[in-house]
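Notes to accompany the following structure.
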Amino acid sequence: MFSTTDTADAISLASVQAAAQRINGFAHRTPVLTCHALETIAAGENGAPKRLFFKCENLQKVGAFKYRGALNAVKKYLQEKTEEGDTTFVTHSSGNHAQALALAARDADCKAVIVMPNNSPSVKQNAVRGYGAEVVLCAPTNEAREKAANDVVEATGARFVHPSNDPDVRARSHWSCWNR
């Protein structure tokens, strides 16, 4: 059984660098921009210079940085797995991570089951289905999401990828601020 309250593992520089290498060539290289007007506002009345950088992950696949982390988790698991056979990934999410894992699994020729709250916007549900994942709807509570995802894991042996507390998801997401 997993929980969204489990303590997350620390992310090392080596794990971030390995993640970057693992997904190189799959995720878009998104631009880093600056904005003089916002830097002036951030400087405040004392005029202390501030340098602000904006990583445009809205230009990433699925429109969010979440694709980097989901892809890293999928690719790392597949590199390390020793048993034969198809692999299915499962997560619970109402949006960006749902789409990211669905696409990452498809890109790796794997299956994905995405648990989504039944009040998720239909456009998000349709996007997940459009990436080839199966959508399982549940009540809109963390407990219901966790139970539904755990039921999928127990029934199918799927690999659970937590939307924010999986060290492989977090390792690649951290790299997006350094990747130019």
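Residue numbers (the numbering used here): 1088 to 1267. Virtual Cβ for every residue (Gly too), placed ideally from N, Cα, C. Note that the structure is a prediction, hence the values are computed from the model and not measured.
Three-way DSSP call (helix, strand, coil) for residue i in this model
{"i": "Gly1195", "result": "Note that residue 1195 is Ala in the sequence shown, not Gly. Here Ala1195 sits in coil by DSSP."}
{"i": "Lys1142", "result": "strand"}
{"i": "Pro1204", "result": "strand"}
{"i": "Val1103", "result": "helix"}
{"i": "Asp1093", "result": "Note on Asp1093: pLDDT 44, under 50, position unreliable in the model; the coordinate value appears next. If DSSP states are grouped into helix, strand and coil, Asp1093 belongs with coil."}
{"i": "Val1256", "result": "helix"}
{"i": "Val1149", "result": "helix"}
{"i": "His1184", "result": "helix"}
{"i": "Val1161", "result": "helix"}
Which residues DSSP lists as bridging residue i, in chain order
{"i": "Ile1128", "result": "Paired residue(s): none; Ile1128 is not in a bridge."}
{"i": "Val1223", "result": "Val1202"}
{"i": "His1115", "result": "Paired residues: none, contrary to the question."}
{"i": "Thr1178", "result": "Ile1201"}
Inter-residue Cα distance where the pair is residue i and residue j
{"i": "Asn1145", "j": "Lys1234", "result": "31 angstroms"}
{"i": "Val1149", "j": "Cys1225", "result": "23 angstroms"}
{"i": "Asn1229", "j": "Ile1201", "result": "14 angstroms"}
{"i": "Ala1214", "j": "Glu1132", "result": "45 angstroms"}
{"i": "Lys1168", "j": "Ala1195", "result": "14 angstroms"}
{"i": "Ala1231", "j": "Val1240", "result": "14 angstroms"}
{"i": "Thr1178", "j": "Arg1246", "result": "9 angstroms"}
{"i": "Glu1126", "j": "Thr1117", "result": "21 angstroms"}
{"i": "Ala1242", "j": "Cys1122", "result": "50 angstroms"}
{"i": "Ser1099", "j": "Gln1212", "result": "34 angstroms"}
{"i": "Arg1257", "j": "Lys1198", "result": "21 angstroms"}
{"i": "Ser1181", "j": "Asp1238", "result": "18 angstroms"}
Span of the beta strand (DSSP E), counted from its first residue to its last, around residue i
{"i": "Thr1243", "result": "First-last for Thr1243: Asn1229 to Thr1243, but that is the alpha helix (DSSP H), not the beta strand (DSSP E)."}
8 angstroms contact criterion, which residue i and residue j should meet: CB distance rounded
{"i": "Asp1253", "j": "Ala1105", "result": "Not confirmed; about 15 angstroms, so no contact."}
{"i": "Ala1187", "j": "Ala1135", "result": "With a Cβ gap of about 37 angstroms, Ala1187 and Ala1135 do not count as contacting."}
{"i": "Arg1109", "j": "Lys1162", "result": "5 angstroms"}
Where the alpha helix (DSSP H) containing residue i begins and where it ends
{"i": "Glu1170", "result": "Glu1170 -> no alpha helix (DSSP H), and no H or E assigned at all."}
{"i": "Val1210", "result": "Ser1209 to Gly1217"}
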